[in-house]
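Taking it in order: structure first as structure tokens, then the write-up.
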Amino acid sequence: MNIRVQMHILMVQHRILYKIAKAYYEKRLTQQEIANRYGLSRMKVSRLLAKAVNEKIVQIKIIAPNDQFTDLEHQLEEKYGMKEVVITNIKTNNEKDLFQEIGRTSAEYLISILQGNEIICLTWGRTLLNLINNLSAQEYPGLKVAQMLGGLGEPEAEFHGTDLARRMAQIFTTRPRLIHAPGILKNKKLCDELKEDIQVKNTLLLAAKANIAVVGIGSFTEGGTILKSNILTEKDKQTLNKHNVTGDISLRFFNKEGQFINTELDDRIVGLSTDEILNIPRIIGVAGGLAKYNSIKAAVKGKLISVLITDHNVAERLANERL
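The opening position of the sequence shown corresponds to residue 185 in this note's numbering, with each subsequent residue numbered one higher.
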């Protein structure tokens, strides 16, 4: 075959690739419609479209959103094996502003993934309070909301788990599944008995089937909510310190490697177990501020969450960590 014939064949092939690519990308025809028009199989059309991209007849350009964090989010997703990382568009050391912005971003993210028929379970805390404060009333058919942990702190507190679950359910026009009981009891016997209560049992069974968990990431430091709220006894604190605890998710404590620590305290918690938590497909960790950095890092490192919503300062430090 001489060069002229080869060039002619190549030109014909490129013409076909061009026509098929134009029909698909510009005229928005389906692959089956293109196959019918040109007398080809749909599989052949698919291969020709791939070839058009490889030969630069089609050049795809991906336009990043108009913010500076998209590449950093992608970098963290790849580095830590996360489903998603969302960075709030704020650089501040003001705790109140930080909580509000993370709450707003978390609310926007949650709304963006809901379709209906999901089961959402949630914990407690100020960050989740800010999330709920930023939700707008919407109805999702079949959606259910459940507590995944009994109440912690004063029952009248705005960030009490029962109140947060009730408010979220009200916003989404559904009935909440609540745990009208403390999150920690004095001993295992009392805890086991309470877990057999039909209302508590059914709520925890539903929470264990959740598609989505929305959780705060607690910091086991003097300034952290857990220690400030006097939820733990002195014996509990000593035990956790002995195990070098860094933080908690739903009152299940973990070390700096992101490994859950099993202690006597676990037998007294009215809430999902560590296995039940980790079995939830999408665990959204909502936390920020450098004061919580070590606990956030550990949760990410140990893959205790699959989605992280945090601030720019925390994200940059995570990106610079050596694994």
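The C-beta atom is built at its ideal place from N, Cα and C for all residues, glycine as well. Values in this document were obtained by computation on a predicted structure and should not be read as measured data.
query	result
Three-state class that DSSP yields for residue 268 in the structure shown	strand
Short Cβ contact (7 Å threshold) for residue 387 with residue 361	yes
Cβ-based burial, residue 147 [other Cβ within 10 Å; buried from 16]	In the structure as shown, the chain starts at 185 and stops at 507, and residue 147 therefore has no counterpart that could be examined.
Own chain, CB closer than 8 Å to residue 491, minus 5 neighbours either side, in chain order	266, 267, 268, 269, 270, 293, 466, 467, 468 and 469
Beta-carbon proximity of residue 408 to residue 471, cut-off 7 Å	no
Buried or exposed (CB count within 10 angstroms, at least 16 for buried), residue 476	buried
Rounded distance between the beta-carbons of residue 287 and residue 318, thought under 8 Å	5 Å
Where residue 462 falls: helix, strand or coil (DSSP)	helix
Of the residues 392, 446 and 441, the one placed nearest residue 435, counting alpha carbons only	446
Closest residue to residue 160 among 205, 289 and 504 (Cα-Cα distance)	Lying outside 185 to 507, the shown extent of the chain, residue 160 is not represented and no answer is given.
Validate contact between the segment 450-462 and the segment 273-283 using beta carbons, cut 8 Å, 3 pairs	no
Chain-order list of residues whose beta-carbon lies under 6 Å from that of residue 226 (same chain, five-residue window excluded)	215, 216 and 219
Within 7 Å, strictly: CB atoms of residue 353 and residue 384	no
Classification of residue 371 by the beta-carbon crowding that lies within 10 angstroms, buried from 16 upward	exposed
8 Å Cβ shell around residue 395 - same chain, five flanking residues per side excluded	302, 303, 304, 464, 465 and 466
Nonlocal neighbours in the same chain, by C-beta distance under 8 Å from residue 198, ignoring five residues either side	239 and 241
Beta-carbon proximity check, residue 233 vs residue 202, cutoff 7 Å	no
Three-state secondary structure assigned by DSSP to residue 359	coil
Alpha carbon of residue 344 to alpha carbon of residue 332, nearest angstrom	12 Å
Extent of the continuous alpha helix (DSSP H) to which residue 311 belongs	310-317
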